[in-house]
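Student: If you read the sequence shown in this note's numbering, its first letter stands for residue 1, the second for the next number, and so on.
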Amino acid sequence: MEDIERDWDKPVAEAGIAAKASVIVRVGMLDLGAGTGSFRVREMMHRIAYPLGVHVRADVNLTDIEASCTDGKDRITEVIDLPTTGVNTERIWLLEHFADWFNVNLGKGSMYHSQSDVSEGLMQHLDKRDASQVSADLSKRLRERQKAEQNQEGSDDPVLDALEMVTERAEVTDTTAQPLHLRDIEAASEQHNRGEREAERETERETKRETASAANVTSSESTTKKARKNRNHKPPKGQYAEHFDHVGKEADQSQGITVRQAHERLDMIERRKPLYSPAFAGFASACACASFVFLLGGGPFDMIGAFIGAGLGHWLRRRLFAHHLNQFFVTFVCVAVAALACTGTLRLIGIFEPVALQHDTAYIGAMLFVIPGFPLITGGLDMAKIDFPSGIQRVAYVLCIILMATLAGWMVASIVHLNPEGFEPLGLNPVVNCLLRFVFAFIGVWGFSTMFNSPQRMCLVAATIGAITDTLRLEIVDMGVPAEAGAFIGALLAGLLASAWRSAVHRSWLAPHLGYPRICLTVPSIVIMVPGLYMYQAMFHLGQFDTLNALDWAFRAFMVIICLPIGLAMARVITDKSWRYDI
Numbered sequence: 001m002e003d004i005e006r007d008w009d010k011p012v013a014e015a016g017i018a019a020k021a022s023v024i025v026r027v028g029m030l031d032l033g034a035g036t037g038s039f040r041v042r043e044m045m046h047r048i049a050y051p052l053g054v055h056v057r058a059d060v061n062l063t064d065i066e067a068s069c070t071d072g073k074d075r076i077t078e079v080i081d082l083p084t085t086g087v088n089t090e091r092i093w094l095l096e097h098f099a100d101w102f103n104v105n106l107g108k109g110s111m112y113h114s115q116s117d118v119s120e121g122l123m124q125h126l127d128k129r130d131a132s133q134v135s136a137d138l139s140k141r142l143r144e145r146q147k148a149e150q151n152q153e154g155s156d157d158p159v160l161d162a163l164e165m166v167t168e169r170a171e172v173t174d175t176t177a178q179p180l181h182l183r184d185i186e187a188a189s190e191q192h193n194r195g196e197r198e199a200e201r202e203t204e205r206e207t208k209r210e211t212a213s214a215a216n217v218t219s220s221e222s223t224t225k226k227a228r229k230n231r232n233h234k235p236p237k238g239q240y241a242e243h244f245d246h247v248g249k250e251a252d253q254s255q256g257i258t259v260r261q262a263h264e265r266l267d268m269i270e271r272r273k274p275l276y277s278p279a280f281a282g283f284a285s286a287c288a289c290a291s292f293v294f295l296l297g298g299g300p301f302d303m304i305g306a307f308i309g310a311g312l313g314h315w316l317r318r319r320l321f322a323h324h325l326n327q328f329f330v331t332f333v334c335v336a337v338a339a340l341a342c343t344g345t346l347r348l349i350g351i352f353e354p355v356a357l358q359h360d361t362a363y364i365g366a367m368l369f370v371i372p373g374f375p376l377i378t379g380g381l382d383m384a385k386i387d388f389p390s391g392i393q394r395v396a397y398v399l400c401i402i403l404m405a406t407l408a409g410w411m412v413a414s415i416v417h418l419n420p421e422g423f424e425p426l427g428l429n430p431v432v433n434c435l436l437r438f439v440f441a442f443i444g445v446w447g448f449s450t451m452f453n454s455p456q457r458m459c460l461v462a463a464t465i466g467a468i469t470d471t472l473r474l475e476i477v478d479m480g481v482p483a484e485a486g487a488f489i490g491a492l493l494a495g496l497l498a499s500a501w502r503s504a505v506h507r508s509w510l511a512p513h514l515g516y517p518r519i520c521l522t523v524p525s526i527v528i529m530v531p532g533l534y535m536y537q538a539m540f541h542l543g544q545f546d547t548l549n550a551l552d553w554a555f556r557a558f559m560v561i562i563c564l565p566i567g568l569a570m571a572r573v574i575t576d577k578s579w580r581y582d583i
């Protein structure tokens with residue numbers, strides 16, 4: 001700690017190995033705590049270590065990292081333990097921007113986003129609640145400036161203009177903190193505007209001279225260029241001027257950031273509050289599970305029961321997690337509450353519509369909000385990368401969550417005498433059924449993505465991918481394709497679509513603020529394919545000591561589950577060289 005404190009205000013590239021390792025390992029810790037797999041944690045740590053000239057060897061498990069860092073002279077080993085695990089896709093996305101900002105400021109190229117200026121601006125506005133809107137505003141402003149520059153009407157400082165635009169959007173009544181380094185940005189903007197006005201006046205004077213003498217044309221052009229060049233090399237003054245030193249410099253000129261500045265931004269990423277309140281997250285859960293029930297074959301009464309039960313259950317889960325209670329205890333309690341609420345709702349409706357009393361399977365849909373989709377998929381991907389310690393730990397964690405959830409559901413079914421036998425066929429027209437599947441798959445994936453704390457733009461992209469892939473999966477299963485093959489095809493297509501989306505952003509075919517990590521798009525889009533009904537049926541029959549049926553449902557669930565990460569892994573092998581070759 002003394003070594004880090006001594007280097008606290010040094011450029012991070014010139015700091016000692018302890019200070020460098022503190023940044024590298026902390027980035028890995030934040031990424032791991034956001035729920036991503038060990039292969040992505042290592043990749044992120046290497047991206048931070050590379051511009052520092054540090055080599056990292058990290059053992060990454062479910063809740064801990066042991067990393068050894070060396071710069072060729074010194075060596076240090078750090079061990080980080082997390083109290084629990086969770087999912088936060090917004091943090092995964094922000095860390096990608098942080099890595100690009102970090103690399104560009106140390107003289108390296110942007111590795112993930114097509115325009116590093118968006119990452120630069122976003123790192124200056126981490127105190128804004130809606131970072132997605134900030135990045136969208138920056139992206140829009142930069143595109144406008146690029147078009148203006150092509151018409152010879154543009155400004156010379158697009159980053160400062162973009163940051164100025166975002167600052168102007170903040171209302172006086174905004175309860176959030178003011179943008180980072182606001183005074184410096186405003187001072188830079190005023191200086192930039194003064195320079196523009198002076199240049200315009202100079203240009204007008206030169207134009208008037210042109211009418212007097214044709215020989216003054218050359219002088220006018222050189223004066224205008226000189227004025228623009230001088231503006232290019234006038235960065236803002238003040239305490240944080242070094243953040244904008246790259247404006248107007250040559251591409252090969254780099255700037256540094258201090259250890260303090262790197263940790264300040266990581267502090268802001270770590271301390272960001274969830275995007276959605278418990279009530280809105282409960283609503284998203286209700287929409288997701290009600291849609292899930294329809295895709296499983298349920299009708300309106302089943303969907304209503306699942307909507308009420310899942311919404312109440314996830315709201316309660318968010319409230320209990322705020323008190324840092326044990327995950328398995330919270331899962332058991334919330335699933336029991338969701339199942340009871342669903343059953344109670346249907347019994348209440350049954351007073352007026354007796355047919356609702358026959359829907360004994362709906363409560364299974366109300367439990368599906370606890371499906372641990374992220375650790376399930378990332379565990380499979382870790383094993384695909386031959387990282388068995390992390391993969392086995394994640395699968396064991398998934399099994400524990402599923403065990404607690406199904407046990408709670410089975411106890412509720414035993415108490416209120418429920419006998420789930422599946423959903424009754426709806427008898428819909430095939431075309432209407434296909435369209436409804438697309439709509440409810442979109443809503444379901446949107447709900448799960450919102451539960452994972454994704455920004456709304458990310459939710460909509462994931463929902464679009466999920467609607468296409470899950471509708472295709474269900475349609476081909478209806479044609480006679482085995483459910484396991486359908487799951488594989490759906491996951492493979494989801495992975496290919498996410499990679500295509502990412503490639504389109506990287507090639508500037510889509511706006512740079514839409515560049516989301518693939519894991520944040522693929523996992524929500526295929527969580528809805530996880531066979532929650534199969535898993536519960538296995539536990540229910542096991543509780544009835546009907547071992548043959550229990551094993552039958554368990555193996556059906558197992559086959560579908562393993563096909564999902566295999567499909568994603570195949571998509572990565574096809575589109576990613578680092579997955580295609582063992583090097």
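Cβ coordinates follow ideal geometry from the N, Cα and C atoms, glycine included.
Computed from a prediction, not measured in an experiment: that's the story for all the values here.
Check whether the Cβ of Glu264 sits closer than 8 Å to any heavy atom of the ligand FAD, and report yes or no.
Tutor: As for the ligand FAD, it is missing from this structure, which has no ligand bound.
Student: Taking just the CA atoms, how far does Trp501 sit from Met458?
Tutor: 12 Å
Student: Spatial neighbours of Gly299 within its chain, please: CB distance less than 8 Å, with the 5 preceding and 5 following residues excluded, ordered by chain position.
Tutor: Excluding the 5 residues flanking it on each side, Gly299 has same chain C-beta neighbours closer than 8 Å at His359, Phe423, Glu424, Leu426, in chain order.
Student: Select from Leu399, Val337, Arg143, Ser38 the residue whose C-alpha is nearest the C-alpha of Gly391.
Tutor: Ser38
Student: What three-state label does DSSP hand Ser499 in the structure shown?
Tutor: helix
Student: Identify the continuous beta strand (DSSP E) that holds Ile76 and give its terminal residues.
Tutor: 75-81
Student: Where does Arg347 land, buried or exposed, given buried means 16+ other C-beta within 10 angstroms?
Tutor: exposed
Student: In whole angstroms, what is the alpha-carbon distance linking Ala338 and Ala310?
Tutor: 6 Å
Student: May I ask you to report which of helix, strand or coil DSSP gives Ala462?
Tutor: If DSSP states are grouped into helix, strand and coil, Ala462 belongs with the helices.
Student: What does the Cβ neighbour count give for Glu96, buried or exposed, with the cut at 16 atoms within 10 Å?
Tutor: buried
Student: Rounded to whole angstroms, what's the CA-CA distance from Phe438 to Phe388? Just pull it up for me.
Tutor: 36 Å
Student: Between the C-alpha atoms of Leu94 and Pro531, what's the straight-line distance to the nearest angstrom?
Tutor: 31 Å
Student: Excluding the 5 residues flanking His263 on each side, which residues of the same chain have their C-beta closer than 8 Å to its C-beta?
Tutor: Ser22, Val23, Arg26
Student: For Ala341 versus His314, is the C-beta spacing smaller than 9 Å?
Tutor: no
Student: Should Val335 and Ala408 be called a contact, given that it needs their Cβ atoms to be closer than 9 Å?
Tutor: Yes, they are a contact pair.
Student: Give the straight-line distance between the Cα atoms of Tyr240 and Asn105, rounded to the nearest whole angstrom.
Tutor: The predicted model places Tyr240 with a pLDDT of 40, which falls under 50 and marks its position as unreliable, so this point remains unresolved.
Student: Are there three or more Cβ pairs, one per stretch, closer than 8 Å when the region 539-552 is compared with the region 508-528?
Tutor: no
Student: For the pair the region 561-577 and the region 450-464, tell me if three or more CB-CB distances fall below 8 Å.
Tutor: Look at the beta carbons and you see the region 561-577 not touching the region 450-464: under three pairs across the two are nearer than 8 Å.
Student: Once you ignore the five residues that flank Trp446 on each side, which residues in its own chain have a CB closer than 6 Å to its CB?
Tutor: These residues qualify, in order along the chain: Cys459, Ala463.
Student: If I'm right that Ala99 touches Met44 with Cβ under 8 Å, what's the distance once you round it to whole angstroms?
Tutor: 6 Å
Student: Using the C-alpha atoms, what's the distance from Arg145 back to Leu62?
Tutor: 45 Å
Student: Please name the residue in Asn103, Asn419, Leu325, Ala405 whose C-alpha comes closest to that of Leu52.
Tutor: Asn103
Student: For Ile443 versus Ser499, is the C-beta distance shorter than 9 Å?
Tutor: no
Student: Skipping 5 residues on each side, what residues in its chain have a beta carbon closer than 8 Å to that of Gly256?
Tutor: Pro11, Val12, Ala13, Glu14, Asn105, Leu106, Glu242
Student: Using three-state DSSP, classify Ala58 as helix, strand or coil.
Tutor: Here Ala58 sits in strand by DSSP.
Student: I think Ala569 touches Ala384, with their Cβ atoms under 8 Å apart; what is that distance to the nearest whole Å?
Tutor: 4 Å
Student: Contact defined as beta carbons within less than 8 Å: I believe Met404 pairs with Phe332. What is the distance between those atoms, to the nearest angstrom?
Tutor: Right, their Cβ atoms sit about 5 Å apart.
Student: Indicate the three-state DSSP secondary structure (helix, strand or coil) for Pro11 in the structure shown.
Tutor: strand
Student: Quick one: Cα of Ala504 to Cα of Ala34, how far?
Tutor: Distance between the alpha carbons of Ala504 and Ala34: 25 Å.
Student: Between which two residues does the beta strand (DSSP E) containing Thr70 stretch?
Tutor: 64-70
Student: Excluding the 5 residues preceding and the 5 following Ala177 in the sequence, name in chain order all residues of the same chain whose CB lies nearer than 7 Å to its CB.
Tutor: Low per-residue confidence applies at Ala177: pLDDT is 38, beneath 50, and the placement is therefore not dependable enough to give any value.
Student: Using 10 angstroms around the beta-carbon of Glu484, count the other beta-carbons present and answer buried if the total reaches 16, otherwise exposed.
Tutor: With 16 or more Cβ atoms within 10 Å of its Cβ, Glu484 is classed as buried.
Student: Looking only at its own chain, which residues have a Cβ that is under 6 Å from the Cβ of Arg556, when we skip the five neighbours before and after it?
Tutor: Tyr534
Student: In chain order, what residues of the same chain have a beta carbon less than 7 Å from the beta carbon of Asp7, not counting five sequence neighbours either side?
Tutor: Ala15, Gly16, Ala19, Val259
Student: Given that a residue counts as buried once 16 or more other Cβ atoms are within 10 Å of its Cβ, and exposed if not, what is Leu428?
Tutor: exposed
Student: Quick one: what's got a C-beta closer than 8 Å to Ile528's C-beta in the same chain, skipping five residues either side?
Tutor: Ala288, Ser291, Phe292, Leu295, Ala441, Gly444, Val445, Phe448, Gly466, Asp470
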